[in-house]
Amino acid sequence: MYDLESFIGDLKRRNPSQDEFIQAVEEVVASVIDVVNENPQYIRNKILERISEPDRVISFKVEWEDDSGDVQVNRGYRVQFNNALGPYKGGLRFHSSVTLGSLKFLGFEQTFKNALTSLPMGGGKGGSDFSPRGKSDAEILRFCRSFMTELYKYIGPDTDVPAGDIGVGGREIGFLYGQYKRIKGENTGVLTGKGPGWGGSLIRPEATGFGTMYFADNILGNIGDSIRGKRIAVSGFGNVAWGAVMKATQLGAKVVTISGPDGYILDEDGINTPEKTAFMLQLRASNNDIVKPYAQRFKAQFVPGRKPWEVPVDMAFPCAIQNELSLEDAKTLVSNGCKYVIETSNMGVCADAAQYLIDKRITLAPGKAANAGGVAVSGLEMSQNAQHLFWTKEEVDSRLKHIMSEIHASCVREGVEDDGYINYVKGANIAGFKKVADAMCQLGY
Ligand code: GLU
């Protein structure tokens, strides 16, 4: 029989100073501990111990030259977390906050997220403490080349397939894939998020944002409501926020905020025109990591140094980074009438804030379910690459919609509580865990 406290105590001893990793594991184990204790097969196979240990961690040095001719050194990683269900699959993050602990948390989360998509993908994550902020395109190119010169040894279309994440979008995937092809001379699905002209899938750039809105619409559809007419706060302004804003608008909702490290934008007219969403892409491409220019361009309000959770809305979509929505933010949202928090960044909601929302019976969708659309379309990109085919936008979008509604259904199945409240966090954790755990039992050790 497992006891949560002693299991987490051991985990902490083995993984000192990896707070985000501990947080992610604790959330999953708290959800699944009863399932494990009732299943002798999971106990006999030591699933909890094995599932919380990455298969392999690769760490390497990345040397590159900046525009002034100085040599720079960063650290690169690939965490191959679990391949019970298929090749390791997950993004690369280039951000100053990247540490081994943060990538272990992301690789762990990815394992269950990928399981929820029902596509044959294991979980992995990688990246670097390199920050694209303030870098020129030429510096980013040189960094990507150097990063791939080491990473190519460990990846492959049937072993480990990286993609984008924070700081890694279409431009960076292009630079990375270009270097991979230069070294290996191969055109394969070794990376996803490629450009549609050179092996990428349509809808992949939009997929995480589209998927989270489909998921939210499923949540509301389940209670006879819809997302149409809802007032929404989004944080972030990158690729994920961009897709979310566009799909929310298409579905008839109104997004009034986006944010960056410099503060947030409040646009009471809604971030709802092609010009406004195109400008988000320009902000990302500028490498400045700020949203303030949106306010000047579209006569919206800029609130410096604050987060958008103080704006009264029906639904909140954290789309930026882990632990971006604190307990205090959750209390403010609830007191302003917000009924739904849809975590679109990975672990965007702090643990105490998540508990508060669940206790208040506010609907909280966890990132591993709500943001799974991105990796799901990556899986569809792998399928297209393997068949040397290119699917239409309609084909990819309808598969994405179907996958999101299946994920929603599994969360409901496993997460409904005695009072009728749907605990999506618990539901997603149990549904994802069972798939990985069953495969691990069947594969032996
Ligand atoms: N980085 C994204 C995620 O967190 C996408 C990963 C992928 O497409 O492999 O799921």
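In numbering that gives the first Met the number 0, the protein residues as written are 0 to 444.
Note that CB positions come from ideal geometry on N, CA and C, so glycine has one too.
query = What does DSSP give as the partner residues of residue 164 in its beta bridges?
reply = Answer by DSSP bridge pairing, in chain order: 167.
Residues that DSSP places opposite residue 71 in a beta bridge = For residue 71, which the question treats as bridged, DSSP gives the partners 63.
key: alpha helix (DSSP H) runs contained entirely in the stretch 134–198, provided each spans 4 or more residues   = Entirely contained in the stretch 134–198, the alpha helix (DSSP H) runs reaching 4 residues are, in chain order, 136–150, 169–183.
Complete beta strand (DSSP E) runs within the stretch 263–346 (minimum length 3 residues, chain order) = Counting only runs of at least 3 residues, the stretch 263–346 fully encloses the following beta strand (DSSP E) elements, listed from N- to C-terminal order: 300–303, 314–316, 339–341.
task = Using a Cβ-Cβ cut-off of 8 Å, state whether residue 163 counts as contacting chain D.
result = In the structure shown, chain D does not exist; there is a single protein chain.
query = Is the beta carbon of residue 214 less than 8 Å from the beta carbon of residue 361?
reply = No, they are not a contact pair.
task = Any chance you could list the beta strand (DSSP E) runs of at least 3 consecutive residues sitting entirely within the stretch 197–246, in chain order?
result = Counting only runs of 3 or more, we get 230–233.
inquiry  = Given the structure, does residue 434 come close to the ligand GLU, in the sense that its CB is under 7 Å from one of the ligand's heavy atoms?
reply    = The answer is no for residue 434.
task = Take every Cβ of the stretch 51–60, pair it with every Cβ of the stretch 381–388, and state whether three or more of those distances are shorter than 8 Å.
result = Too few Cβ pairs lie closer than 8 Å, so no.
task = Please list, in chain order, all residues of the same chain as residue 373 whose beta carbon is under 7 Å from its beta carbon, the five residues on each side excluded.
result = Excluding sequence neighbours, residue 373 sits near 206, 207, 210.
request  = Spatial neighbours of residue 267 within its chain, please: CB distance less than 7 Å, with the 5 preceding and 5 following residues excluded, ordered by chain position.
outcome  = Cβ neighbours of residue 267 within its own chain (closer than 7 Å, five residues either side excluded): 255.
inquiry  = Using only the alpha-carbon positions, how far apart do residue 44 and residue 440 sit?
reply    = In this structure, the alpha-carbon of residue 44 lies about 6 Å from that of residue 440.
task = Please say whether residue 92 and residue 153 have beta carbons closer to each other than 8 Å?
result = No.
inquiry  = If you reduce the DSSP assignment to three classes, tell me which class residue 14 lands in.
reply    = Under the three-state reduction of DSSP output, residue 14 falls in the coil class, being neither helix nor strand.
request  = Indicate the three-state DSSP secondary structure (helix, strand or coil) for residue 362 in the structure shown.
outcome  = If DSSP states are grouped into helix, strand and coil, residue 362 belongs with the strands.
inquiry  = If the criterion is Cβ atoms closer than 8 Å, does the pair residue 218 and residue 401 meet it?
reply    = Contact annotation: residue 218 and residue 401 have beta-carbon atoms that are not nearer than 8 Å.
inquiry  = By DSSP's criteria, residue 421 is part of a beta bridge. Which residues make up the other side?
reply    = The partner list for residue 421 (beta bridge, DSSP) reads 415.
task = May I ask you to list the residues that DSSP assigns as paired with residue 93?
result = Note: residue 93 sits in a beta bridge opposite 127.
query = Given that a residue counts as buried once 16 or more other Cβ atoms are within 10 Å of its Cβ, and exposed if not, what is residue 367?
reply = By the neighbour-count criterion, in which a residue is buried when 16 or more other Cβ atoms sit within 10 angstroms of its Cβ, residue 367 is buried.
ask   = Quick one: what does DSSP say residue 389 is sitting in, helix, strand or coil?
value = Reduced to three states, the DSSP call for residue 389 is coil.
query = Do residue 424 and the ligand FMN come close, with the Cβ less than 7 Å from some heavy atom?
reply = By its list of ligands, the structure shown excludes the ligand FMN, since it contains just the ligand GLU.
ask   = In chain order, which alpha helix (DSSP H) runs of at least 4 residues are fully inside the stretch 34–58?
value = Complete alpha helix (DSSP H) runs here, min 4: 39–43, 46–50.
ask   = Per DSSP, residue 121 is paired with what?
value = Partner(s): none; residue 121 has no beta bridge.
ask   = Taking just the CA atoms, how far does residue 68 sit from residue 350?
value = Cα-Cα distance, rounded: 44 Å.
Sufficient close CB pairs (3 or more, under 8 Å) joining the stretch 177–193 to the stretch 98–115 = Counting Cβ pairs under 8 Å, fewer than three are found: no touch.
key: Paired residues, beta bridge with residue 81 - DSSP   = Under DSSP, residue 81 takes part in a beta bridge, and its partners are 122.
message = Quick check on residue 392: buried or exposed, where buried means 16 or more other Cβ atoms within 10 Å of its Cβ?
response = By the neighbour-count rule (16 or more Cβ atoms within 10 Å), residue 392 is not buried but exposed.
query = When every heavy atom of the ligand GLU is checked, does at least one fall within less than 7 Å of the C-beta of residue 162?
reply = Yes, since a heavy atom of the ligand GLU falls inside the 7 Å radius drawn around the Cβ of residue 162.
task = State the CB to CB distance for the pair residue 143 and residue 175, rounded to an integer number of angstroms; the pair is presumed to be in contact (CB under 8 Å).
result = Approximately 5 Å separates the beta-carbon atoms of residue 143 and residue 175; this is inside 8 Å, confirming the contact.
request  = May I ask which residues mark the beginning and end of the alpha helix (DSSP H) holding residue 110?
outcome  = Boundaries of the alpha helix (DSSP H) around residue 110: 99–116.
Stretch pair the stretch 233–252 + the stretch 312–322: three plus CB contacts closer than 8 Å = With three or more CB-CB distances shorter than 8 Å, the stretch 233–252 counts as touching the stretch 312–322.
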